[in-house]
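The next block holds one structure in the form of structure tokens; read it before the comments.
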Amino acid sequence: MTARRLLRLADAPQHLQTIARWNHAEWGAAAGRSLSDCVNRFRDVIKKPSEECVIAEHEGTVLGMACLVDHDLEGRPDLLHWLASVYVLPEFRKTGLGSALVSAVEREAGARNIKRMHLYTHTAEQLYQRLGWTVSQRFKPDDEAYALMIKDLPG
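Shown next, in the form of structure tokens:
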């Protein structure tokens, strides 16, 4: 594969529907959100200066995404600045693309003078640990155990 590009969703809004569909399929439907809700959420991310969505693209096709959002975990409004909606197409997993997307979001956060980020996961704890994230808490809102993780950013 030739070079892939990482860019802001705001600079490639033609991919909004695709990433909204991914978000809905991976997390939104289970949380009771409609596809329209997911589309509107990404439109809001584009408009909000404190938030960002980074996508990976190759020859006009979006391969993955990762977002910086103000809030992501219901019940934890006290925690601000989240890495969220990290998704890579299955055929591009384990290629470093997810790590590149996470790093790009961390740079976006650093550019906004954000000092600490949060995420929660029940599937990718080892990936995030390799990227310098640490578990701050474990919780089990349903049948699955989750790790709440943090990362302090340089600067």
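Using the numbering used here, you'd call the opening residue of the sequence shown number 53 and step up by one each time. Idealized CB from N, CA, C, for every residue including glycine.
Proximity below 7 Å, CB of residue i to CB of residue j
i, j, result
"Y36", "Y198", "This structure cannot speak to residue 36, because the chain is shown only from 53 to 207."
"R57", "E109", "yes"
"C105", "V97", "yes"
"L68", "H76", "no"
"L200", "S188", "yes"
"H170", "L120", "no"
"T147", "V114", "no"
"H133", "I107", "no"
"G162", "G207", "yes"
Cα-Cα separation, residue i to residue j
i, j, result
"P65", "R159", "21 Å"
"I202", "G127", "17 Å"
"R73", "N92", "12 Å"
"R95", "H123", "16 Å"
"W185", "L59", "23 Å"
"P101", "R164", "9 Å"
"K210", "L125", "For residue 210 there is no data in the structure shown, the boundaries of the chain being 53 and 207."
"K192", "H174", "10 Å"
"L183", "P129", "25 Å"
"R168", "E143", "31 Å"
"D63", "L179", "28 Å"
"E177", "E103", "23 Å"
"A83", "A55", "35 Å"
Status (buried if at least 16 other CB within 10 Å, exposed otherwise) for residue i
i, result
"S137", "buried"
"E111", "exposed"
"E196", "exposed"
"E78", "exposed"
Rounded Cβ spacing between residue i and residue j (contact assumed at less than 8 Å)
i, j, result
"G116", "L61", "Between L61 and G116 the Cβ distance is about 12 Å, and since that is not below 8 Å, they are no contact."
"A156", "A118", "7 Å"
Any chain D beta carbon closer than 7 Å to residue i
i, result
"Q189", "Going by chain labels, chain D is absent from the structure shown, which holds only one protein chain."
Q: Could I get the ranges of all uninterrupted alpha helix (DSSP H) runs contained in the segment 138 to 204, with 4 residues as the minimum, in chain order?
A: 149 to 163, 177 to 182
Q: Counting only runs of 4+ residues fully inside the segment 60 to 130, write out the alpha helix (DSSP H) ranges in chain order.
A: 68 to 75, 87 to 99
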